[in-house]
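In our numbering, the protein residues as written are 1361 to 1644.
What follows is the structure in structure tokens.
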């Protein structure tokens, strides 16, 4: 599961926060201050509240949406969640033969102890395989399927520094910690004599669209295990997961009357959660 763990469980973040890394070079507080801010932010979450409040089935119960008919986004997310849960359970069952094996895994237990002190609601100990399956499933779901329903092949999600088109008309900060008025980067203060407001808007949309890149096949959730060998024990789980992704794609295409590769929302079609268009990872 290295592909998922490297991104979803923040091995990349550890590299970014390392002394001399990207965050240390760019952000004024440096790697130490930025890391402290991120850790503190977890304890102040108002929207999430705790680890489990971001879980699909918990949110459905809280909001009373489970029985809403024709709720396409929710229906598709349920399919992904259940497919991920089946994969995780089958995969972990090949290595943990009993709940006793889970309790005896000191690395797993250390993960719970270290994480529960930072993330409210995260289990501090794992007493059964089902507990591990639930946690890992929820993590993979929210960083793959859930995250990309809001950050997929759209243009609006690129409208943030440094990609915000307004930055074309203003210089970027030259060094970490520099005092900068961010308002001009988001709200155009002037219009060039040769450009109308409509021209400026068209430019912004064009530049935003230019940053959209097609997803390479090996990076998609649907084909995430084509280029990696998880070993003999995991092979049946991988094949079942691939079939589940194919079934989800077929369901979406049949429902929307669409074909693979159709643009999201084109002609009113809801193809946002086509597994061939969703990355298996989450970069933040």
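The beta carbon of each residue, even a glycine, is placed where N, CA and C say it ideally should be.
Note that the structure is predicted; figures quoted are calculated from it, not measured.
Assuming residue i contacts residue j under a Cβ cut-off of 8 Å, what Cβ separation, rounded to an integer in Å, is found between them?
| i | j | result |
| --- | --- | --- |
| residue 1630 | residue 1432 | 5 Å |
| residue 1468 | residue 1486 | 6 Å |
| residue 1608 | residue 1443 | 7 Å |
| residue 1394 | residue 1377 | 7 Å |
| residue 1501 | residue 1441 | 5 Å |
| residue 1416 | residue 1438 | 7 Å |
| residue 1505 | residue 1638 | 6 Å |
Apart from the five residues just before and just after residue i, which ones in its own chain have a Cβ nearer than 6 Å to its Cβ?
| i | result |
| --- | --- |
| residue 1426 | 1420 |
| residue 1380 | none |
| residue 1583 | 1577 |
| residue 1522 | For residue 1522, the pLDDT reaches just 48, beneath the cut-off of 50, and the residue's location in the model is therefore unreliable, leaving the point undetermined. |
How would you write the range of the alpha helix (DSSP H) that residue i sits in, first residue to last?
| i | result |
| --- | --- |
| residue 1632 | Segment: none, residue 1632 is in no alpha helix (DSSP H) and carries neither H nor E. |
| residue 1466 | 1466–1476 |
| residue 1609 | 1595–1616 |
| residue 1434 | 1432–1453 |
| residue 1490 | 1489–1501 |
| residue 1382 | 1382–1386 |
| residue 1422 | 1416–1423 |
CB-CB under 8 Å to residue i, same chain, minus the five flanking residues each way: which ones, in chain order?
| i | result |
| --- | --- |
| residue 1570 | Its pLDDT being 47, under 50, residue 1570 is placed unreliably in this model, and the coordinates cannot settle the point. |
| residue 1386 | 1536 |
| residue 1491 | 1462 and 1483 |
Measuring CA to CA, which of the options is closest to residue i?
| i | options | result |
| --- | --- | --- |
| residue 1593 | 1455, 1449 and 1430 | 1455 |
| residue 1453 | 1483, 1384 and 1493 | 1493 |
| residue 1478 | 1577, 1599 and 1401 | 1401 |
| residue 1534 | 1375, 1435 and 1388 | 1388 |
| residue 1617 | 1634, 1434, 1591 and 1576 | 1634 |
| residue 1598 | 1465, 1505 and 1581 | 1581 |
| residue 1435 | 1640, 1577, 1615 and 1414 | 1615 |
| residue 1576 | 1640, 1600 and 1604 | 1640 |
| residue 1602 | 1586, 1445 and 1590 | 1586 |
Can you name, in chain order, every residue of its own chain whose Cβ lies under 7 Å from the Cβ of residue i, other than the five neighbours on each side?
| i | result |
| --- | --- |
| residue 1449 | 1493 |
| residue 1459 | 1487, 1488 and 1489 |
| residue 1399 | 1478 |
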